[in-house]
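Comments concern the structure below.
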Amino acid sequence: MPGGPRSSSPIPQHLMAADTSSANTSARRMMEECETVKSRLVDPKFTTRHYPDPLLPRDKDTSKAYPQGVTSGMEQKWLKMINDSKQ
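In the UniProt record's numbering, the protein residues as written are 1 to 87.
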């Protein structure tokens, strides 16, 4: 039709409108499903106040750092022997 409004898209306007509403419904449904899954994964009893700040340095527990039977005195003796051998 000469002189009438033309769309640059080959899809008729009434189909385009229906397509966007179904896309919005699909997107909304996906968001609702996502929120449902998130709510199942989140523990409502969890609180970060029960845990120390992960960015702060922690005191080192030396009892776990050495094998059974090894003490910090033994480590100091070995380090002294290593330093003496380097000189």
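Idealized CB from N, CA, C, for every residue including glycine. Bear in mind the structure is a predicted one, so any value in this text is a computation, not a measurement.
For V37 and R28, what's the separation of their Cα atoms in angstroms?
14 angstroms
Rounded C-alpha distance that separates L41 from Y66
38 angstroms
What is the rounded straight-line gap between the Cα of C34 and the Cα of S26?
12 angstroms
Let me know the secondary structure DSSP gives Q68 once reduced to three states.
coil
Does K45 come out as helix, strand or coil in the three-state DSSP assignment?
coil
When the Cα atoms are used, what is the spatial distance from R49 to K77?
42 angstroms
Out of curiosity, what's the CA-to-CA distance linking I82 and P44?
53 angstroms
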